[in-house]
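Colleague: In this note's numbering, the protein residues as written are 11 to 501.
Glycine included, each C-beta is placed from N, C-alpha and C at the ideal position.
Remember, predicted model here, so these are calculated numbers, not experimental data.
Handing you this structure, nothing more for now.
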């Protein structure tokens with residue numbers, strides 16, 4: 011018993027200390043910045059709110075805005091915050107294109123459950139367009155990939171959700187804010203980093219780190235009993251053993267059988283709908299490929315054209331939805347990985363990201379045509395840090411803003427088109443063009459002509475000559491180098 015307790019402490023203490031240290035350091039930084047008008051610079055509150063009021067809140071009680079899903083966990087938390095903690099709770103949910111909010115009936119069901127749970131008001135905010143243009147396309151500029159495989163679908167959603175939640179707090183005059191994320195995952199960090207980055211004066215109430223709450227609700231049975239006692243209609247069983255988190259960027263699957271990193275291997279199938287909700291199995295994909303042309307301006311997707319049927323889309327939201335649909339039909343964007351969580355443990359996740367996979371491949375291919383070699387190499391190094399910041403929840407931080415501005419500079423010349431083919435889960439690059447933005451010189455690389463290339467310059471100093479051809483001044487540079495070449499010596 012003593013040995014197991016000691017092992018448990020060794021396993022858990024570093025994680026709690028690490029999170030506590032990170033939280034305190036971030037709080038200190040935010041407190042130092044509080045006097046500066048930075049937090050609201052991240053906000054664009056011109057978008058009207060979609061609020062439903064159930065009753066007038068008690069002015070003697072503090073207001074709290076809860077990130078709400080309508081499930082057993084957050085419904086119980088809402089009731090607990092009202093009944094046991096004495097808050098007036100406003101329920102908030104962000105629509106990022108998840109299936110749970112596909113129809114108006116779905117949204118009404120979540121609204122009704124929030125009212126049953128004791129909320130005085132309910133916000134259902136359509137964030138789909140802003141999510142695509144201000145968040146997904148932002149990480150696309152950076153070609154940000156966490157640990158070389160994860161396209162950050164959940165990570166990039168959290169600052170979008172948290173941003174609007176803070177704006178709801180401002181609109182309601184709320185002094186407290188809360189989320190339903192567990193104490194083992196990354197999302198608790200991401201949400202709270204967002205709150206601190208936007209408005210450190212908001213006090214975060216986190217029930218899954220509250221010892222009294224955890225003792226009262228050790229399992230789903232106790233949550234269900236509490237919900238039933240307070241007239242909240244929730245189901246007793248989960249749909250699946252695993253958990254899902256969905257938005258229009260991707261869907262993730264984890265826990266349950268998936269906690270075994272070796273499952274399913276070759277002997278079993280994935281459980282339920284794992285890796286089947288946004289994409290087809292390879293054997294179910296069409297035999298005929300899909301041929302697409304995707305246009306970019308300064309690294310941002312501006313159109314997609316289906317060369318087979320003539321479909322052409324320019325609206326950013328519709329473009330992204332179309333790529334999700336056609337990419338999923340062709341089985342694009344599935345991965346099954348182990349990753350390193352910010353809180354200090356390894357976890358296994360399965361992801362479907364059709365549109366994101368297509369756009370990352372197409373833009374990288376175009377970048378090779380029109381981005382300077384050395385700029386790309388530096389960008390790729392910074393992209394690793396950028397992805398780490400997004401994964402760890404530092405979207406609303408000075409360091410992320412610095413890298414974001416830098417990434418935008420790297421995209422100034424990334425304008426053109428990429429031709430791709432989707433076939434049996436593959437994204438195949440078929441051609442690319444960039445017009446005046448291209449740094450590709452056909453005459454220079456031709457095997458049938460010199461094209462201005464001087465073979466006598468193929469020495470240790472030739473890279474200077476070759477790089478000159480990548481700029482508008484390449485002719486002047488070549489003449490100067492030819493004039494001075496006899497004076498150049500190697501060191």
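Out of 448, 371, 439, 451, point me to the one whose CA is closest to residue 152's CA.
Modeller: In the chain shown, residue 152 corresponds to position 142, counting from 1. Residue 371 is the option with its Cα nearest to residue 152.
Colleague: List in chain order: all unbroken alpha helix (DSSP H) runs of 4+ residues lying wholly within the stretch 96 to 122.
Modeller: List check, alpha helix (DSSP H) in window: nothing returned.
Colleague: For the beta strand (DSSP E) holding residue 502, just list the boundary residues, first then last.
Modeller: Not covered by the structure: residue 502. The range shown for the chain is 11 to 501.
Colleague: Note the first and the last residue of the continuous alpha helix (DSSP H) segment covering residue 84.
Modeller: Here residue 84 corresponds to residue number 74 of the chain shown, with the count starting at 1. Taken as a continuous stretch (DSSP letters only), the alpha helix (DSSP H) holding residue 84 covers 82 to 93.
Colleague: Check this for me: beta carbons of residue 135 and residue 168, under 8 Å apart or not?
Modeller: As a first step, residue 135 is located in the chain shown; it is residue number 125 there, counting from the start. As a first step, residue 168 is located in the chain shown; it is residue number 158 there, counting from the start. Not in contact: residue 135 and residue 168 (Cβ atoms no closer than 8 Å).
Colleague: According to DSSP, simplified to helix, strand and coil, what is residue 194?
Modeller: Counted from its first residue, the chain shown places residue 194 at position 184. Of the three classes helix, strand and coil, the one that applies to residue 194 here is coil, per DSSP.
Colleague: Could you tell me which of 271, 137, 284 sits nearest to residue 106, measuring between CA atoms?
Modeller: Translated into positions along the chain shown, residue 106 becomes position 96. Measuring from the Cα of residue 106, the nearest candidate turns out to be 137.
Colleague: Just how far apart, CA to CA, sit residue 79 and residue 216?
Modeller: Residue 79 sits at position 69 when you count from the first residue of the chain shown. Residue 216 sits at position 206 when you count from the first residue of the chain shown. If I take the Cα positions, the gap works out to 16 Å.
Colleague: Give me the residue from 131, 123, 315, 88 with the minimum Cα distance to residue 60.
Modeller: By one-based count along the chain shown, residue 60 stands at place 50. Cα-wise, what sits closest to residue 60 is 131.
Colleague: Can the beta-carbon of residue 455 be found closer than 8 Å to that of residue 165?
Modeller: On the chain shown, position 445 is the one that residue 455 refers to. On the chain shown, position 155 is the one that residue 165 refers to. No, Cβ-Cβ distance for residue 455 and residue 165 is not below 8 Å.
Colleague: Alpha carbon to alpha carbon, how far is residue 57 from residue 140? Give it in angstroms, no decimals.
Modeller: Walking along the chain shown from the start, residue 140 turns up at place 130. Walking along the chain shown from the start, residue 57 turns up at place 47. Rounded to whole angstroms, residue 140 to residue 57 spans 10 Å at the Cα level.
Colleague: Around the C-beta of residue 179, are 16 or more other C-beta atoms found within 10 angstroms, so that it is buried, or is it exposed?
Modeller: Position 169 of the chain shown holds residue 179. Its Cβ being crowded by 16 or more others within 10 Å, residue 179 is buried.
Colleague: By the 10 Å Cβ neighbour count, where 16 or more other Cβ atoms means buried, how is residue 117 classified, buried or exposed?
Modeller: Stepping through the chain shown from its first residue, residue 117 is reached at position 107. Buried.
Colleague: List the endpoints of the continuous alpha helix (DSSP H) containing residue 143.
Modeller: Along the chain shown, read from residue 1 onward, the residue named residue 143 stands at position 133. From DSSP, residue 143 is part of no alpha helix (DSSP H); its letter is neither H nor E.
Colleague: With a CB to CB cut of under 8 Å and the five nearest residues on each side skipped, what residues in its chain are close to residue 110?
Modeller: Position 100 of the chain shown holds residue 110. Here the set comprises 79, 80, 116, 120, 256.
Colleague: Under DSSP, the alpha helix (DSSP H) around residue 334 begins and ends at which residues?
Modeller: Walking along the chain shown from the start, residue 334 turns up at place 324. From DSSP, the alpha helix (DSSP H) with residue 334 extends over 326 to 339.
Colleague: May I ask you to report which of helix, strand or coil DSSP gives residue 398?
Modeller: By one-based count along the chain shown, residue 398 stands at place 388. Residue 398: helix per DSSP, three-state reduction.
Colleague: Can you name, in chain order, every residue of its own chain whose Cβ lies under 6 Å from the Cβ of residue 309, other than the five neighbours on each side?
Modeller: Position 299 of the chain shown holds residue 309. Counting only Cβ-Cβ distances below 6 Å, and skipping sequence neighbours, we find 151, 421, 424.
Colleague: If contacts are defined as beta-carbon pairs under 8 Å, then residue 331 and residue 258 qualify, I think. What distance do you get, rounded to the angstrom?
Modeller: To locate residue 331, count along the chain shown from 1; it is residue 321. To locate residue 258, count along the chain shown from 1; it is residue 248. Sure, about 7 Å apart at Cβ, within 8 Å.
Colleague: Mind the definition here: the stretch 358 to 368 touches the stretch 155 to 164 only if three or more C-beta pairs lie below 8 Å; say whether that holds.
Modeller: Output reads yes: the stretch 155 to 164 touches the stretch 358 to 368.
Colleague: As an exercise, report each continuous alpha helix (DSSP H) stretch of at least 4 residues that is fully enclosed by the stretch 172 to 238, in chain order.
Modeller: Listed in chain order, the complete alpha helix (DSSP H) runs (minimum 4 residues) inside the stretch 172 to 238 are 197 to 208, 221 to 226.
Colleague: Note down the Cα distance separating residue 242 from residue 292, rounded to an integer number of angstroms.
Modeller: Position 232 of the chain shown holds residue 242. Position 282 of the chain shown holds residue 292. If I take the Cα positions, the gap works out to 42 Å.
Colleague: Taking the straight line between their C-alpha atoms, what separation do you get for residue 339 and residue 316?
Modeller: For the purposes of this step, residue 339 is taken as the residue at position 329 of the chain shown. For the purposes of this step, residue 316 is taken as the residue at position 306 of the chain shown. Roughly 14 Å between the two C-alpha positions.
Colleague: Excluding five sequence neighbours on each side, which residues of the same chain lie with their C-beta closer than 6 Å to the C-beta of residue 282?
Modeller: Taking the chain shown and counting its residues from 1, one reaches residue 282 at position 272. Cβ neighbours of residue 282 beyond the five flanking positions: 250.
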